[in-house]
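J.:
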Amino acid sequence: MASTSLPPPTIPDSLDSLAKQDTETGIPDEDIVNIAAEKRRLDLRIIPSFALMFLLGYLAAANIGNVIVLNADTGDSFVQVLHMTEGQFLAVASVIFATGMLFQIPSNYMLKYFAPPYWLAFLMLGWGATLIIMAASQNYITVLVLRLLLGAFEAVASSPLGAAFGGCIAYGVGHLNGAGGLEGWRWLFFIEGAPSCLLAVLVYLFLPSFPETSTWFSAADRAIAIRRMKHESSKSVGHAKITWDGANILLFAPTIIHGLGYEGQVAQLLTVPPYAAVFVGTVGMSWVADRYRAWSKCGVVSIALAGVTFIVQVVELATIGGALPLTAFQARYAMLSLGTMFSFMCSPSLSVWFTGNLRDTNATRLAIPISAARGTVGQVLGLFIYTPSGAPGYQVGHYTNAAVLFIGAFGIQILRMIYRSNPVAASAPGGEYSLRMVTL
């Protein structure tokens, strides 16, 4: 059977051409304005809900990095009170990723069967309650079991902005050490767990469900949303992206900063600037990537820059023994901040690149948790390459991070070349973006 060559679609350069193209593909011209209004109403409900949910989710998962140094100078840290060895603490810190990886895919499918508001509210209530119970822990086994349970509830994404808040909260909670006869780390677990339980109720009531069952949608909005979702899920794209994740330094950022020469509450407070920079840099990079339709390019640049920052801290120079002397704490802290920022800046751009190359919602429901679960490998690895014994140079951790980041940048560039060889994708200006074709 002879094949027929079709001219490649073009990118609309105006609202008029976009409306015309949407009309040709099934969305009436008069619905364009209604679709924009419907999306704004959805954004007002979805974006704030998910921002808070991801922030609290990060606090619940990553506060284990804060408690290892919280009030350590007074002998009241999490590890000291529960008499944990270094190996036991590593097990407690990493076990959450085991259940997190295991439940990523099932959790995504539960969204379909129970509806997002119900399932997400259940998860939030679960991790908030688990964290509160953890505040009453008296031994290693109890903490280990609770962290396993926390990982099951935490099978959703989280936001690095939560790290900035986590450092601020830990700094303040450190002054509560001894209040009510409780150590500071117990207060930290309780204070960071309670808001998740409260927000779970709001998510249950406020977060939109599927268009067919959303009670706050008008009949017209419901019809538009259903038609738009069917239209968007019909995109004929079938390529997937491979992501390479650097070894994670999130959980041990307080430990790394402590190893650089900063102690006590100052070490907690100094975890804030790197992640505040992450937030600003991520928003800025996302805007640039969307504005110029350069998602993969922005990903390559930020990942490569992150690799450079880690190399600078450990590369050997004949004159001083390293690009930065081990005692140059301020310079090393600045490079750690830049490396953290560049490492995270690529995430939104690569996520868009990833989802833009999935065929439909079924593929998305499976591929996204698989990608997230694979990224967890870097988080587990980070627990074992950034150890207190590596302070203050952390050569093993920095070299590993740099190597993985450079490999990741190279892999993305290779994948871009493969996509460019696709005749349909290559027809798009810049080879980065086109409607209903491979997204680069």
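Heads up: the sequence shown runs through residues 696 to 1135, numbered per the numbering used here.
Glycine is no exception: its CB is placed at the ideal position from the N, C-alpha and C atoms.
Bear in mind that the values here come from a model prediction, so they are computed numbers and not experimental data.
1. Grouping DSSP H, G and I as helix and E and B as strand, with all else coil, what is Met-779?
2. Taking the C-alpha atoms as reference points, what is the distance between Arg-988 and Ala-1098?
3. By how many angstroms is the C-alpha of Leu-965 removed from the C-alpha of Gln-1008?
4. Flag this pair as yes or no: are the beta carbons of Leu-845 and Leu-818 separated by less than 8 Å?
5. Can you look up Asp-985 in the DSSP assignment and give me helix, strand or coil?
6. Would you mind sorting Ile-742 into buried or exposed? The rule is 16 or more other CB atoms within 10 Å of its CB.
7. Quick one: grab the DSSP three-state call for Asp-768.
8. As a quick exercise: from Leu-777, Ala-755, Pro-812 and Asn-766, pick the residue whose alpha carbon is nearest that of Lys-795.
9. Checking 8 Å against the spacing of the C-beta atoms, do Tyr-835 and Leu-777 come in under that value?
10. Pick helix, strand or coil for Asn-872, following the three-state DSSP scheme.
11. With Gln-833 as the anchor, note down where its alpha helix (DSSP H) starts and where it stops.
12. Does the stretch 886-902 come close enough to the stretch 793-809 to have 3 or more Cβ pairs within less than 8 Å?
13. Would you call the CB atoms of Phe-1049 and Val-973 closer than 8 Å?
14. Taking only the alpha-carbon atoms, compute the straight-line gap between Leu-737 and Glu-878 and give it to the nearest angstrom.
15. Where does Tyr-957 fall in DSSP's three states?
16. If you drop the 5 nearest sequence neighbours on each side, which residues of the same chain put their C-beta closer than 6 Å to that of Ala-984?
17. Alpha carbons only, please: which of Pro-890, Trp-880 and Leu-751 is nearest the one belonging to Ala-767?
18. Here's the rule I'm using: 16 or more other beta-carbon atoms within 10 Å means buried, otherwise exposed. How should Ile-1213 be labelled?
19. With respect to the alpha helix (DSSP H) encompassing Tyr-1094, which residues constitute its N-terminal and C-terminal limits?
20. Along the alpha helix (DSSP H) that carries Ser-1042, what are the first and last residues, could you check?
21. What are the start and end residues of the alpha helix (DSSP H) that includes Glu-849?
22. Hey, quick one: how far does the alpha helix (DSSP H) through Ile-1004 stretch, first residue to last?
23. Residues in its own chain within less than 6 Å of Asp-771 by CB, not counting five upstream and five downstream?
24. Just to confirm the assignment, what range does the alpha helix (DSSP H) spanning Tyr-899 have?
25. Take Ala-816 and list the residues in its own chain whose beta-carbon comes closer than 6 Å to its own, dropping the five residues that flank it on each side.
26. Which residue from Met-779, Leu-797, Val-967 and Leu-1033 puts its Cα closest to that of Gln-833?
27. Out of Cys-1041, Gln-1090, Ser-1032 and Gly-1088, state which residue places its alpha-carbon closest to the alpha-carbon of Gly-1103.
28. How long is the line joining the alpha carbons of Leu-760 and Ala-788, rounded to whole angstroms?
29. I need the straight-line Cα distance from Leu-1000 to Phe-1037, nearest angstrom please.
30. Ordered along the chain, which non-local residues of its own chain (more than five positions away) have a Cβ less than 8 Å from that of Met-980?
31. Less than 8 Å between C-beta atoms, sequence neighbours within five positions excluded: which residues of the same chain meet that for Tyr-957?
32. If distances are taken between C-alpha atoms only, which option among Phe-848, Ile-828 and Leu-839 comes closest to Gly-821?
33. If you draw a straight line from the alpha carbon of Asn-1096 to that of Gly-875, how long is it in whole angstroms?
34. Looking at the structure shown, is Ile-952 part of a helix, part of a strand, or coil, going by DSSP?
35. Given a cut-off of 8 Å, decide if Leu-843 and Ala-786 are closer than it, judged by their beta-carbon atoms.
36. Does the beta-carbon distance from Leu-976 to Thr-1004 come in below 8 Å?
T.: Walking through what the data contain:
1. coil
2. 28 Å
3. 18 Å
4. no
5. helix
6. exposed
7. helix
8. The question names Lys, but residue 795 is Gly in the sequence shown. It is Ala-755.
9. yes
10. coil
11. It is not in any alpha helix (DSSP H) - Gln-833 carries neither H nor E in the DSSP assignment.
12. no
13. no
14. 43 Å
15. coil
16. Trp-990, Cys-993 and Ser-1044
17. Trp-880
18. A question about residue 1213 goes unanswered here, because the residues of the chain that appear run from 696 up to 1135.
19. 1090-1115
20. 1024-1050
21. Neither: Glu-849 is in no alpha helix (DSSP H) and is coded neither H nor E.
22. For the record, residue 1004 in the displayed sequence is Thr; it is not Ile. 990-1009 is the span of the alpha helix (DSSP H), which, as asked, contains Thr-1004.
23. Asn-872 and Glu-878
24. 879-901
25. Ala-895, Val-898 and Tyr-899
26. Met-779
27. Cys-1041
28. The sequence given here has Gly at residue 760, not Leu. Their Cα atoms are separated by approximately 8 Å.
29. 6 Å
30. Cys-993, Ser-997, Met-1040, Cys-1041, Pro-1043 and Ser-1044
31. Leu-965, Phe-1024 and Tyr-1028
32. Phe-848
33. 42 Å
34. helix
35. no
36. The identity of residue 976 in the sequence shown is Gly, whereas the question assumes Leu. No. Outside cutoff.
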